[in-house]
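Novice: First, the structure itself, so that you have it in front of you.
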Amino acid sequence: MTINIGVIGTGAIGEDHARRITQTLSGGKIVAVNDVNQEQARAVVDRLGLDAKVYESGLDLIKASDVDAILVCSWGPTHEEFVLAAVAAGKYVFCEKPLAVTAEGCLNIVKAEVAAGKRLVQVGFMRRYDKGYQMLKQAIDSNEIGEPLMMHCAHRNPTVPDRYVTSMAIVDTAIHELDALRWLLDDDYKSMQVVYPRRTKNRFEHLADPQILLIETLKGVRIDLEIFVNCQYGYDIQCSVVGEEGIANLPEPQSLLMRKGAKLYNEVLMDWKDRFIESYDIELQDFIRGCENDAVGGPSSWDGYAAAVAADAAVAAQESGQVEAVVMVERPAFYN
Ligand code: NAP
């Protein structure tokens, strides 16, 4: 069985997902593409040698009778409209983060999916598919380190472009942790606070960098998440779970241990695309299998909503300097 897939948004990640479906994964075929920049969409079709129709409109692509499933990889503010249209058409849809740019938008999708009566949406929170994060989760779930009490985390990028503003540290960068940490702990958030250390000189005037996001969960776990997006030395993701009886650390990505010039060292990755390259493959293969088996799983619309609510509270905390409550609506039984 082949799942015929349409891709909306053929920029960096849209092209990359189309490539992996075509060249690396099994069970899926790209039959349709759309981008506001049609030249760009045509160029991707040519580069990847796709046998795919280029649509002028994403909504027409969704309605096309030969499209079974949709990947939404366009600009964030367009996601809600495309995901809602896919759900209305009863089609499976993989949506890159964010599910929608507002919590209210995410909730609209949650409501539409509940009304449709089955899971149709998978959100692109790929860290849940990373082997290291899965090992951490297993250590927590099996109670190997006792109940988790604290977490120390860091999300560091070597540099960011100057269009990157302070709130993006939350909505673009920490959003991955905001999903992964509640998944790891099987917990929800109570509050967010942001404190600003001394600023690095390697930043733009408009950007507060680094930042520390202090999180409290409903079970009382305290998390500190350093977000440092001009750290210079590499793309570095750290996650340490302190439990009652031990500590579990996210494994480092595999790299050679070098002995050279009187030094013993490992290289650090510089590009985020390399850090989670396998998890992108695994998440999309999981989506295709979900379409085949009529049972899409993985990060849900509810998870997209939960991350959006947490991000809103964290952005409010950036601005107020106060501890901001995370307030979600009641979780529909559908997502239990
Ligand atoms: P990108 O390179 O700018 O690509 C987005 C593409 O969507 C662009 O070609 C853009 O065209 C197009 N587009 C914008 N509005 C559209 C519309 N209404 N209909 C159809 N196409 C539209 O951005 P990207 O880096 O691929 O990111 C795309 C999405 O993936 C974002 O939501 C981002 O947050 C997410 N993402 C996730 C990860 C992850 O780790 N999971 C990594 C990267 C990106 P124009 O350029 O002409 O506007």
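If you count by numbering that gives the first Met the number 0, then the sequence shown holds residues 0 to 335, one letter each, in order.
Glycine included, every Cβ here is placed at the ideal spot set by N, Cα and C.
(1) Who's in the neighbourhood of the ligand NAP, going by beta-carbon under 6 Å from any heavy atom, listed in chain order?
(2) Per DSSP, which residues does C105 bridge with? Please list them.
(3) Measure how close the beta-carbons of L213 and T165 come, nearest whole angstrom, since I'm counting them as under 8 Å.
(4) Keeping to the same chain, check which residues put their C-beta closer than 8 Å to that of I211; ignore five residues upstream and five downstream.
(5) Work out the CA separation of A324 and A261 for me, nearest whole Å.
(6) If I'm right that G233 touches G145 with Cβ under 8 Å, what's the distance once you round it to whole angstroms?
(7) Going residue by residue through the region 15-82, where are the continuous beta strand (DSSP E) segments of at least 3 residues, counting only ones entirely within it?
(8) Just tell me which of Y304, A316, V295 has its CA closest to the CA of K117.
(9) Going by DSSP in three states, T216 sits in which element: helix, strand or coil?
(10) Can you give me the start and stop residues for the alpha helix (DSSP H) that A316 sits inside?
(11) So, does the region 116-135 touch the region 79-93, judging by three or more C-beta pairs under 8 Å?
(12) Which of helix, strand or coil does DSSP assign to F203?
(13) Among the residues of its own chain, which have a CB less than 8 Å from the CB of M0, if the five just before and after it don't count?
(14) Report yes if the CB atom of M150 is closer than 8 Å to the CB atom of C230, and no otherwise.
(15) Going by DSSP, name the residue or residues bridged to S239.
(16) Can you tell me where the alpha helix (DSSP H) with Y132 in it begins and where it stops?
(17) Pull up the CB-CB distance for D171 and K218, whole angstroms please, since I reckon it's below 8 Å.
(18) May I ask you to verify whether the region 3-12 touches the region 33-45, counting CB pairs closer than 8 Å and requiring at least 3?
(19) To the nearest angstrom, how far is it from the Cα of F275 to the Cα of R126?
(20) Just to confirm the assignment, what range does the beta strand (DSSP E) spanning A190 have?
(21) If we ignore side chains and look at the alpha-carbon of each, how far apart do P209 and V228 end up?
(22) Count the other CB atoms, across all protein chains shown, that sit within 10 Å of the CB of K259; report buried if there are 16 or more and exposed otherwise.
Specialist: On the basis of the coordinates in this document:
(1) Here the residues come out as I7, G8, T9, G10, A11, I12, G13, N33, D34, V35, N36, Q39, G57, C72, S73, W74, G75, T77, E95, K96, G123, M125.
(2) As a position in the sequence shown, residue 105 is number 106, starting the count at 1. For C105, which the question treats as bridged, DSSP gives no partner whatsoever.
(3) As a first step, residue 213 must be located in the sequence shown, where it is residue number 214. As a first step, residue 165 must be located in the sequence shown, where it is residue number 166. Rounded, the Cβ-Cβ distance is 16 Å, inconsistent with contact.
(4) As a position in the sequence shown, residue 211 is number 212, starting the count at 1. Only V193, V194, Y195, P196, D223, L224, E225, I226 meet the Cβ criterion.
(5) As a working note, residue 261 is residue 262 in the sequence shown. As a working note, residue 324 is residue 325 in the sequence shown. Spanning the two alpha carbons is a distance of roughly 51 Å.
(6) On the sequence shown, residue 233 is found 234 positions in, with the first residue counted as 1. On the sequence shown, residue 145 is found 146 positions in, with the first residue counted as 1. Actually they are not in contact, since the Cβ atoms of G233 and G145 sit about 32 Å apart, beyond 8 Å.
(7) 27-33, 52-54, 68-71
(8) Taking the sequence shown and counting its residues from 1, the one referred to as residue 117 is at position 118. Among Y304, A316, V295, the Cα nearest to that of K117 is on V295.
(9) Start at 1 with the first residue of the sequence shown, and residue 216 comes out as number 217. Of the three classes helix, strand and coil, the one that applies to T216 here is strand, per DSSP.
(10) Here the question's residue 316 lines up with position 317 in the sequence shown. 300-319 is the extent of the alpha helix (DSSP H) around A316.
(11) yes
(12) Here residue 203 refers to the residue found at position 204 when the sequence shown is read from its first residue. Here F203 sits in coil by DSSP.
(13) Mapped onto the sequence shown, residue 0 falls at position 1. Excluding sequence neighbours, M0 sits near G26, E291.
(14) As a working mapping, residue 150 is identified with position 151 in the sequence shown. As a working mapping, residue 230 is identified with position 231 in the sequence shown. No. Outside cutoff.
(15) Residue 239 sits at position 240 when you count from the first residue of the sequence shown. Paired residue(s): H151, N248.
(16) Working through the sequence shown from its first residue, we reach residue 132 at position 133. Y132 -> alpha helix (DSSP H) spans 130-140.
(17) Along the sequence shown, one-based indexing puts residue 171 at 172. Along the sequence shown, one-based indexing puts residue 218 at 219. About 27 Å separates the two Cβ atoms, so there is no contact after all.
(18) yes
(19) Counting from one through the sequence shown, the residue named residue 275 turns up at place 276. Counting from one through the sequence shown, the residue named residue 126 turns up at place 127. The straight-line gap from Cα to Cα measures roughly 7 Å.
(20) The sequence position of residue 190 within the sequence shown is 191, counting from 1. According to the sequence shown, residue 190 is Ser rather than Ala. Looking at the DSSP string, the run of the beta strand (DSSP E) that includes S190 is 188-194.
(21) Residue numbering aside, residue 209 sits at position 210 when the sequence shown is read from its first letter. Residue numbering aside, residue 228 sits at position 229 when the sequence shown is read from its first letter. Answer to the nearest angstrom: the Cα atoms are 7 Å apart.
(22) Within the sequence shown, numbered from 1, the residue matching residue 259 stands at position 260. Under this definition K259 is an exposed residue.
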